[in-house]
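Below is one structure, written out as structure tokens; the observations come after it.
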């Protein structure tokens, strides 16, 4: 297991400095020991080590460590024993027993608080600063989107978050998780929004007050949040939308909407979903990559959360002398996305129901030009579980009903040829355009524009890929809708109609409680109007829902 | 009795002239109601004053009251009649809406479609196949000159009552081209590409030019070019089919390199939203036309009934739902499936919950019995899940999510 500070070949991210070196050391020892003896408990220790590595704050005791996953009573007891032994032997105190932490945890402290300490205490504290700063801005919407938060945190974090991009991001988000766990921050909506709870706000204000005090005493080491945020910003061009949002958000959200890529400053690169290159009939899938290479296409294999191929406009960044890796440039996703389907895939996905769901996700991904690349046909479709006519109908439906552009090719080589030519064309098309970054969170989706020139107001790759994650976080409302649909004949539009009136289980149950008779409860939902035609939900379904949620006895 | 009295009054009033007032003054009315005899009565001067006057006044009052009651009843009746009428109209509206919806169902919608075929297509030998097939399916079609030669378009009748249009032109256009025609298109496009900079918007060429003109006028059209080698003889066609790659043969017949053809195809896609399909025979063309027709018949219904407000796809095996009888049997399964709607909750975990809490009420009552939020969050943590011999616990994470799911008041709260 590598020491936390060093970078290893093949390791994808650099770990930040470990705030709990003693615990780490002991757990590692225990694990190696168990490994030697061939005991299964080595895996338990490994899991604990993994959790510990994710946690960015110093722990004061073994008991505190219990909040981490995979830290059970057993491990904590062992660590506690070791800790006691250690302090007896060495007389040292665990790191992190600082005043700023005590302050955070709401315990009594002395008056002295120093800003550098707070800064180095981790991203944890900085979040509270960020929130307060924004919330104190008049007219602020009261919450932050994920990308906003990340952008802010990245520009303000320093000290223990000195690791480059990915490592920093990771500790940012684990800090957020901790904040949510401690009930200081709440996450709502989809796409996610983060806001302070009452507790969090109180604490944040206290910390802000403390920092202000410090500001008066110290001179330039002060964390002047609004000031430094402005300095670190890229030169921005405010688009019309930004003006509507109001100055605070677009100015201080450094690196957000409004950024531009000027003509000539970017390359168009084809992105290939890595699943297209591995797994299954590997030799055939590798062929696609080989063909692309042979054609001299600029492409990059990466994990796409939706679709199989897309194109990004990647900023050209000259390599920094002395650095091994070129810093990653900004990437905007062009308005096109391709879903490739071989005939046997198509057949399989229709049978297991993925077909419609995949198209649904593509329709919502934020890109307008959807392309369905169908590979094979004729003979290749003749010995599958579904008749060829069915498959052809499915393809035509995708064009006519779902509005995709359907591209038919014979085999993988043609697919590669198609992607090659598309890449070249798109390069030419976007050659002399200025691309503006748009944030889906802040500005919503662009209007559809079928045959006009393709949009130049584009989403960043990061935001796109993140927004398209398959098993996204669920909201209470969403789950409730799905739960209602578990009753046969309670369809999507009926569930949506019920949700409009009672958007959570709690709300519905409270309504039932307010009814004065069983008969009233039975009829509670009968009159709800559903769908575009506003048809009644009906007494039968109303009764079924009543039986489900109001029966005291066991359901059968 | 009152009748008698009334008769008497008439007799009296006739002899007295202006005695009968249509509306007795309020004064008079109230006084006669209270029963006290009127002191200043302007009208009645008959002999037996007290009794008759009272009677008369009482009669007036009675009449008035009756009249009022009658009016009130009339109003009520009218109101009820109006309500009834409204309800009837509402029901009528809904019935009509339901009928319209039914008409839009694919199996019915197809009857409102009309397929328009350009006569130039019928010059091809095997084109009869298309017409015969359509006739067999009993789908409506007409043969009329199209804006774009060699094309097939669709129109759909709109429900009556809609102002303006009685039918709408669908956006799909299918072009049937011979190999020679397609070659013409290819050459034109190559020319256009060759002349860098200003691409002439309509280009040259017999096929491409009118097509592009039409597209310029109506950008919403979705054009599919079906390219078929009509000249190939029957045997080579069957050969092509069994080989599986008729397209390859067609392409090689064109005598161009793959990448060259690809360039043209991509151009057509990116700039004109035209897709190209290489087919072998009129049977394929017919199949395609039928497929497009069926797809068009499905579209209106789908667009109308798809709920766009829900953030997830409503198709899927999870959405099937469990059948529930009138007496509520079947709800046990529904309850179990409800719990599975949370991310990462398996059927085994759901069973563990439903065994201990066989209904939503049971779960909520259990939560209410616990005092602290922390206890409630963790209520399900220790439940044992039976999986393949191993016994595991549900765990704190799922327990917390279930708790939040059923008790949260904020619908937008994220569970994960």
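Protein chains in written order, with my numbering: chain A, 1 to 556; chain B, 557 to 972.
Every residue gets a Cβ at the ideal spot worked out from N, C-alpha and C, and that includes glycine.
In this text, all values refer to a predicted model and were calculated from it rather than measured experimentally.
For residue 415 (chain A), the enclosing alpha helix (DSSP H) begins and ends at 412-430. The C-alpha of residue 873 (chain B) lies about 32 Å from the C-alpha of residue 727 (chain B). Between residue 924 (chain B) and residue 504 (chain A) a beta carbon distance of about 17 Å is seen, past the 8 Å cut, so the two are scored as non-contacting. Measuring C-alpha to C-alpha distances from residue 425 (chain A) to each of A:147, A:553, A:269, A:177 identifies A:269 as the nearest. Counting of Cβ neighbours within 10 angstroms places residue 553 (chain A) among the exposed residues, the total staying below 16.
At a cut-off of 9 Å between beta carbons, residue 819 (chain B) contacts chain A.
Residue 464 (chain A) places its beta carbon less than 9 Å from that of residue 365 (chain A). DSSP places residue 434 (chain A) in the coil class of the three-state scheme, outside both helix and strand. CA-to-CA, the gap between residue 384 (chain A) and residue 395 (chain A) works out to about 15 Å.
For residue 840 (chain B), same chain residues with a beta-carbon under 8 Å away, outside a window of 5 residues either side, are 782, 784 in chain order.
Looking only at A:549, A:271, A:459, the smallest Cα-Cα distance to residue 480 (chain A) is reached by A:549. From the listed residues A:372, A:297, A:300, the smallest Cα separation to residue 831 (chain B) is found for A:372.
Bounds of the beta strand (DSSP E) holding residue 405 (chain A) are 405-409.
Within the stretch 283-298 of chain A, no residue has its Cβ closer than 8 Å to any Cβ of chain B.
Chain-order list of chain A residues neighbouring residue 920 (chain B): 509, by C-beta distance under 8 Å. When C-alpha distances from residue 172 (chain A) are compared across A:147, A:391, A:188, A:190, the shortest belongs to A:147. Proximity of residue 144 (chain A) to chain B, defined by a Cβ-Cβ separation below 9 Å, is not satisfied. Under the 9 Å criterion on CB atoms, residue 366 (chain A) is classed as non-interfacial with respect to chain B.
Distance between residue 199 (chain A) and residue 184 (chain A), taken at the CA atoms: about 6 Å. Under the DSSP assignment, residue 725 (chain B) falls in the beta strand (DSSP E) whose first and last residues are 723-734.
The three-state secondary structure of residue 673 (chain B), taken from DSSP, is strand.
At least one beta carbon of chain A lies nearer than 9 Å to the beta carbon of residue 970 (chain B).
Leaving aside the five residues that flank residue 910 (chain B) on each side, the residues in its chain whose CB is nearer than 8 Å to its CB run, in chain order, 888, 891, 892, 895.
With a contact defined as Cβ atoms closer than 8 Å, residue 672 (chain B) and residue 702 (chain B) qualify at about 6 Å. For residue 873 (chain B), the nearest CB of chain A lies under 9 Å from its own CB, placing it at the interface with that chain.
Here DSSP, grouped into helix, strand and coil, assigns residue 373 (chain A) to strand. If you look at residue 271 (chain A), you'll find it in the beta strand (DSSP E) that goes 266-273.
Not a single CB atom of chain B sits nearer than 9 Å to the CB of residue 70 (chain A). For residue 728 (chain B), the residues of chain A that pass the 9 Å Cβ criterion are 399, 400, in the order they occur in the chain.
Residue pairing by DSSP places residue 313 (chain A) opposite A:268, A:332 in a beta bridge. Within 10 angstroms of the beta-carbon of residue 50 (chain A) lie fewer than 16 other beta-carbons, which makes it exposed.
Here residue 83 (chain A) is buried, its C-beta having at least 16 other C-beta atoms within 10 Å. The alpha carbon of residue 933 (chain B) has as its nearest neighbour, out of B:956, B:814, B:712, B:708, the alpha carbon of B:956. Within 9 Å of the CB of residue 473 (chain A), the CB atoms of chain B belong to 899, 970, 971, 972, in sequence order along the chain.
Where residue 713 (chain B) is concerned, the enclosing beta strand (DSSP E) starts and stops at 707-713. Counting C-beta pairs closer than 8 Å gives three or more between the stretch 328-335 of chain A and the stretch 308-320 of chain A, which meets the contact rule.
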